[in-house]
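Written out below as C-alpha coordinates is the structure these notes cover.
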Amino acid sequence: MKPLKIFLDSSYLIYLRYSESDEIFNYVTNFLKEAVKRRDRLFINMVVIDEVLWILTRKYKIALVEVFELIDRLMPLLDVIPIDYTDYNAMKKTMVNHGLKPSDALHVSSMTKAGIKQIVSEDGEFDKIPGIRRIWLNTKTTSTCKPSDGS
476 MKPLKIFLDS SYLIYLRYSE SDEIFNYVTN FLKEAVKRRD RLFINMVVID
526 EVLWILTRKY KIALVEVFEL IDRLMPLLDV IPIDYTDYNA MKKTMVNHGL
576 KPSDALHVSS MTKAGIKQIV SEDGEFDKIP GIRRIWLNTK TTSTCKPSDG
626 S
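Per this note's numbering, the sequence shown starts with residue 476, numbered consecutively.
In C-alpha coordinates:
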(Lines of atoms letter the chains of each structure in order from A and count residues from 1; the text may use other names and numbers.)
(Lines give C-alpha, C1' and ligand atoms only; values in the text may rest on other atoms or scores of the structure.)
Protein backbone atom coordinates (compact mmCIF):
# COMPACT_ATOMS: atom_id res chain seq x y z
CA MET A 1 0.00 0.00 0.00
CA LYS A 2 1.39 3.41 -0.93
CA PRO A 3 1.74 6.14 1.72
CA LEU A 4 -1.44 8.11 2.37
CA LYS A 5 -2.28 11.68 3.33
CA ILE A 6 -4.51 11.61 6.41
CA PHE A 7 -5.88 14.40 8.61
CA LEU A 8 -6.05 13.61 12.34
CA ASP A 9 -8.98 15.10 14.22
CA SER A 10 -8.56 16.11 17.85
CA SER A 11 -10.57 13.10 19.06
CA TYR A 12 -7.84 10.83 17.73
CA LEU A 13 -5.04 12.68 19.54
CA ILE A 14 -7.09 12.90 22.74
CA TYR A 15 -7.57 9.14 22.78
CA LEU A 16 -3.81 8.65 22.50
CA ARG A 17 -3.63 10.15 26.00
CA TYR A 18 -7.02 9.44 27.56
CA SER A 19 -9.45 6.68 26.74
CA GLU A 20 -11.82 4.83 29.03
CA SER A 21 -12.03 2.00 26.48
CA ASP A 22 -9.20 -0.45 25.83
CA GLU A 23 -10.73 -1.07 22.41
CA ILE A 24 -10.39 2.59 21.42
CA PHE A 25 -6.93 2.96 22.96
CA ASN A 26 -5.69 -0.12 21.10
CA TYR A 27 -7.23 1.17 17.87
CA VAL A 28 -5.58 4.61 18.06
CA THR A 29 -2.16 3.26 19.02
CA ASN A 30 -2.23 0.52 16.38
CA PHE A 31 -3.39 3.01 13.75
CA LEU A 32 -0.42 5.26 14.52
CA LYS A 33 2.03 2.34 14.34
CA GLU A 34 0.61 1.24 10.98
CA ALA A 35 0.62 4.79 9.60
CA VAL A 36 4.27 5.24 10.56
CA LYS A 37 5.15 1.86 9.07
CA ARG A 38 3.42 2.80 5.78
CA ARG A 39 5.12 6.21 5.90
CA ASP A 40 1.77 7.98 5.69
CA ARG A 41 1.75 11.75 5.93
CA LEU A 42 -0.29 12.76 8.96
CA PHE A 43 -1.75 16.26 9.07
CA ILE A 44 -3.32 18.55 11.65
CA ASN A 45 -3.96 22.27 11.98
CA MET A 46 -3.60 24.53 15.01
CA VAL A 47 -7.31 24.16 15.78
CA VAL A 48 -6.61 20.48 16.52
CA ILE A 49 -3.85 21.48 18.96
CA ASP A 50 -6.20 24.00 20.60
CA GLU A 51 -8.94 21.38 21.03
CA VAL A 52 -6.54 18.75 22.41
CA LEU A 53 -5.07 21.18 24.93
CA TRP A 54 -8.47 22.41 26.08
CA ILE A 55 -10.22 19.05 26.36
CA LEU A 56 -7.38 17.15 28.03
CA THR A 57 -6.69 19.90 30.59
CA ARG A 58 -10.24 21.09 31.28
CA LYS A 59 -12.43 18.05 30.81
CA TYR A 60 -10.02 15.29 31.84
CA LYS A 61 -7.91 17.37 34.28
CA ILE A 62 -4.59 16.23 32.82
CA ALA A 63 -1.69 18.49 33.73
CA LEU A 64 -0.82 20.99 31.01
CA VAL A 65 2.83 19.91 31.02
CA GLU A 66 1.76 16.30 30.31
CA VAL A 67 -0.40 17.40 27.39
CA PHE A 68 2.47 19.42 25.93
CA GLU A 69 4.74 16.38 26.35
CA LEU A 70 2.27 14.30 24.31
CA ILE A 71 2.05 16.94 21.59
CA ASP A 72 5.83 17.40 21.55
CA ARG A 73 6.32 13.65 21.02
CA LEU A 74 3.81 13.62 18.16
CA MET A 75 4.92 16.77 16.33
CA PRO A 76 7.82 15.12 14.43
CA LEU A 77 5.23 12.78 12.88
CA LEU A 78 2.82 15.55 11.87
CA ASP A 79 2.53 18.20 9.18
CA VAL A 80 0.73 21.33 10.38
CA ILE A 81 -1.49 22.98 7.77
CA PRO A 82 -1.54 26.76 8.29
CA ILE A 83 -4.89 28.49 8.73
CA ASP A 84 -5.36 32.00 7.42
CA TYR A 85 -7.98 34.43 6.17
CA THR A 86 -8.51 32.44 2.98
CA ASP A 87 -10.05 29.67 5.08
CA TYR A 88 -12.92 31.92 6.14
CA ASN A 89 -14.99 31.55 2.96
CA ALA A 90 -14.47 27.78 2.85
CA MET A 91 -15.45 27.52 6.53
CA LYS A 92 -18.56 29.61 5.95
CA LYS A 93 -19.61 27.54 2.93
CA THR A 94 -19.12 24.24 4.80
CA MET A 95 -21.06 25.48 7.82
CA VAL A 96 -23.98 26.77 5.72
CA ASN A 97 -24.15 23.80 3.34
CA HIS A 98 -23.42 20.94 5.75
CA GLY A 99 -24.12 22.24 9.26
CA LEU A 100 -20.64 21.60 10.67
CA LYS A 101 -19.38 23.54 13.67
CA PRO A 102 -16.66 26.16 12.96
CA SER A 103 -13.69 24.04 14.05
CA ASP A 104 -14.80 21.06 11.95
CA ALA A 105 -15.40 23.34 8.97
CA LEU A 106 -11.84 24.65 9.37
CA HIS A 107 -10.56 21.07 9.37
CA VAL A 108 -12.40 20.50 6.06
CA SER A 109 -10.86 23.68 4.66
CA SER A 110 -7.38 22.55 5.74
CA MET A 111 -7.93 19.15 4.17
CA THR A 112 -9.07 20.72 0.91
CA LYS A 113 -6.02 23.01 0.79
CA ALA A 114 -3.67 20.06 1.31
CA GLY A 115 -5.51 17.66 -1.02
CA ILE A 116 -6.44 15.28 1.82
CA LYS A 117 -9.48 13.05 1.40
CA GLN A 118 -9.34 11.01 4.63
CA ILE A 119 -9.80 12.02 8.26
CA VAL A 120 -9.34 9.92 11.39
CA SER A 121 -12.20 11.01 13.65
CA GLU A 122 -14.99 9.63 15.77
CA ASP A 123 -17.12 12.60 14.65
CA GLY A 124 -19.78 11.36 12.23
CA GLU A 125 -20.45 14.94 11.08
CA PHE A 126 -17.57 14.52 8.62
CA ASP A 127 -19.64 11.86 6.84
CA LYS A 128 -21.79 14.72 5.47
CA ILE A 129 -18.92 16.05 3.36
CA PRO A 130 -18.74 14.67 -0.19
CA GLY A 131 -15.28 13.47 -1.13
CA ILE A 132 -14.10 13.00 2.45
CA ARG A 133 -13.81 9.53 3.95
CA ARG A 134 -13.88 9.20 7.73
CA ILE A 135 -11.75 6.48 9.29
CA TRP A 136 -12.69 5.21 12.74
CA LEU A 137 -13.25 2.14 14.83
CA ASN A 138 -16.68 0.71 14.15
CA THR A 139 -17.71 -0.05 17.71
CA LYS A 140 -20.89 -1.87 16.65
CA THR A 141 -19.05 -4.58 14.76
CA THR A 142 -15.64 -4.14 16.41
CA SER A 143 -14.02 -3.98 13.00
CA THR A 144 -11.62 -1.26 12.05
CA CYS A 145 -12.29 1.25 9.32
CA LYS A 146 -9.09 1.26 7.30
CA PRO A 147 -7.70 3.96 5.05
CA SER A 148 -8.08 3.58 1.30
CA ASP A 149 -5.55 4.38 -1.40
CA GLY A 150 -7.55 7.43 -2.45
CA SER A 151 -5.20 9.69 -0.40
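Ideal Cβ placement from N, Cα and C applies to all residues, glycine included.
Query, Result
"Helix, strand or coil at residue 553 according to DSSP, with G and I counted as helix", "strand"
"Proximal residues to residue 552 (C-beta, below 7 Å), its chain only, five neighbours per side dropped", "511, 517"
"Under the three-state DSSP convention, the category residue 539 falls into", "helix"
"Pairwise C-alpha distance: residue 556 and residue 571", "23 Å"
"Contained beta strand (DSSP E) runs [length at least 3] in the stretch 543-614, N- to C-terminal order", "553-556, 593-595, 608-610"
"Residue 515 and residue 479 closer than 8 Å at C-beta", "yes"
"Supposed close pair residue 503, residue 487 - CB separation, criterion 8 Å", "6 Å"
"Burial state of residue 611 (16 or more Cβ within 10 Å)", "buried"
"Residue from 587, 476, 489 with nearest C-alpha to residue 596", "489"
"Residue span of the beta strand (DSSP E) that contains residue 512, given as start and end", "Not the beta strand (DSSP E): residue 512 falls in the alpha helix (DSSP H), residues 497-513."
"Residue 476 versus residue 513 - alpha carbon distance", "7 Å"
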